[in-house]
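Worksheet: one structure, shown below.
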Amino acid sequence: MDVLSPELVWIENRCYRVNPTAEAQIIREGKDERVGGYIEPDFDSEEEPEAMEEVDYEIERTAENSFRIAFHVPSVFHGAIIGQKGATRRRLEMETRSLIKVPNKGTKDPIIVTAQREADVVAARKKIGDIALACRKRQEMTHFFSFPCCTEEVKEAFRKFKEAVLAGAPADTFPDVLFQIPEKLHVTLSYMVLMDNEEREMVKNILHREETAIREILAGFQGNTSVKICGLDSMNDDPEATRVLFAKIQSEALQNIADHLHRIVRKSEFFIGKDKSSVKLHMTLMNVSFDKDDDGKFKRGVTFNAKKILQDFGDYTFGEIPLTEIHLSQRKSYDEQGYYKATTKLIL
2 MDVLSPELVW IENRCYRVNP TAEAQIIREG KDERVGGYIE PDFDSEEEPE AMEEVDYEIE
62 RTAENSFRIA FHVPSVFHGA IIGQKGATRR RLEMETRSLI KVPNKGTKDP IIVTAQREAD
122 VVAARKKIGD IALACRKRQE MTHFFSFPCC TEEVKEAFRK FKEAVLAGAP ADTFPDVLFQ
182 IPEKLHVTLS YMVLMDNEER EMVKNILHRE ETAIREILAG FQGNTSVKIC GLDSMNDDPE
242 ATRVLFAKIQ SEALQNIADH LHRIVRKSEF FIGKDKSSVK LHMTLMNVSF DKDDDGKFKR
302 GVTFNAKKIL QDFGDYTFGE IPLTEIHLSQ RKSYDEQGYY KATTKLIL
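Residue numbers (the working numbering): 2 to 349.
Right, here's the structure in full:
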């Protein structure tokens, strides 16, 4: 590159110097070898142009050589996209030859990316998405798709189970705080991090958009869709060092629905969990994470011995529930009945 006469790119009213990259082409002229910047593609050539990454969003063409996209990113992530004194945004703009407009604090406006090439818009959006995902993974789960199990039959069976466990163990063996609250008994189908109203609305739409697919799953079982809750197990191989004790879920219909919703959520920007192909359905009965220290933090390394519980109650039956609804539930927020507050419900 000629440092005195560098290649320049104008995007709207801003001018950028084009630095050589690994993608730049090598142009040979005899023994002279120099690095060239962006070269307009030869549309008359018989060679196939490099395919652009397939995307599931629309890019607006605003002029012959101008492309634009507007998309939502929670405002709490804007600082990471801008960086200290704007350094991160400038780096992204230079790397993708784009103009990135981040809305002012306190507004609900989208981030806007403009560039001369459609591929540069895609690259900029992906890099911004990667930053937002890294920020999201540092957050705690906020919402989850759930199947409520807090019917009177199941709650009563759970109370009897708890009383029997406590009666058969020495005092203080199992603190009351280890047990789930009956009104919160549920099966988690998938979980996510939703940072604002816009994201909650997006996931509400995802759930209702899948209603037809979910009904088709149910139709395949010809009415045999009840969810049976029977048997106990622990999350780890050593029952003497248990962190989570749960009831097993027997329902192929619910398993198929859970796997379907989980596949949808995994493809979204809201998923933060492990990339598993199938959901392990369970109803939590006892969990050491319910027992927190004085600062409200989980106690690390705490376990309990569930060996005798599994021996005595390994085939315990909690009941059977019709599969009639799926909730988008909000963590740490509860309704008048004590169950997780529903952002929306899909009634089946």
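For every residue, glycine included, the Cβ atom is placed at its ideal position computed from N, Cα and C.
Quantities reported herein were computed from a predicted structural model and do not represent experimental measurements.
Task: Range of the contiguous beta strand (DSSP E) that encloses LYS161 - done: Per DSSP, LYS161 is not a residue of any beta strand (DSSP E); the alpha helix (DSSP H) it occupies stretches across 153 to 168.
Open item on the list: Output needed for LYS163: all residues of its chain with C-beta closer than 7 Å, excluding positions within five of it in sequence on either side, in chain order.
Closed with: PHE180.
Open item on the list: Helix, strand or coil for VAL77? Go by DSSP, reduced to three states.
Closed with: The answer is helix: DSSP assigns VAL77 an H, G or I state.
Open item on the list: Just to confirm, is the Cβ distance from SER279 to HIS263 under 9 Å?
Closed with: Against a cut-off of 9 Å, the Cβ pair of HIS263 and SER279 comes out as a contact.
Task: Cβ-based burial, VAL289 [other Cβ within 10 Å; buried from 16] - done: Residue burial annotation: VAL289 is buried, with at least 16 other C-beta atoms found within 10 angstroms of its C-beta.
Open item on the list: Whether or not the stretch 99 to 113 and the stretch 65 to 72 are in contact is what I'm after, with contact meaning three or more pairs of Cβ atoms, one per stretch, closer than 8 Å; do they touch?
Closed with: Three or more Cβ pairs closer than 8 Å define a contact, and the stretch 65 to 72 meets that threshold against the stretch 99 to 113.
Open item on the list: At 4 residues or longer, what runs of the alpha helix (DSSP H) sit wholly inside the stretch 288 to 335?
Closed with: Segments of the alpha helix (DSSP H) lying fully in the stretch 288 to 335: 308 to 314.
Task: For CYS231, the residue or residues it bridges with in DSSP - done: Under DSSP, CYS231 forms a beta bridge with THR318.
Task: Contact between the stretch 134 to 147 and the stretch 323 to 339 (3+ Cβ pairs under 8 Å) - done: Here the stretch 134 to 147 lies against the stretch 323 to 339, with 3 or more beta-carbon pairs under 8 Å apart.
Task: Presumed contact (8 Å Cβ cut-off) between LEU186 and ILE129, rounded CB distance - done: Not confirmed; about 40 Å, so no contact.
Open item on the list: What ranges does the alpha helix (DSSP H) occupy inside the stretch 238 to 293, keeping only unbroken runs of at least 4 residues that lie completely in it?
Closed with: Secondary structure within the stretch 238 to 293: the alpha helix (DSSP H) runs of 4 or more consecutive residues, fully enclosed, are 253 to 268 (chain order).
- [ ] Have a look at GLU212, VAL194, ILE250 and flag the residue whose alpha-carbon is nearest the alpha-carbon of ARG137.
- [x] Minimum Cα distance to ARG137 is reached at VAL194.
TODO: Please classify MET284: is it buried, with 16 or more other beta-carbons within 10 angstroms of its beta-carbon, or exposed?
DONE: Buried, since its Cβ has 16 or more Cβ neighbours within 10 Å.
Task: Ordered list of beta strand (DSSP E) runs contained in the stretch 102 to 144, each at least 3 residues - done: Those beta strand (DSSP E) runs which fall completely within the stretch 102 to 144 and span 3+ residues are 112 to 116.
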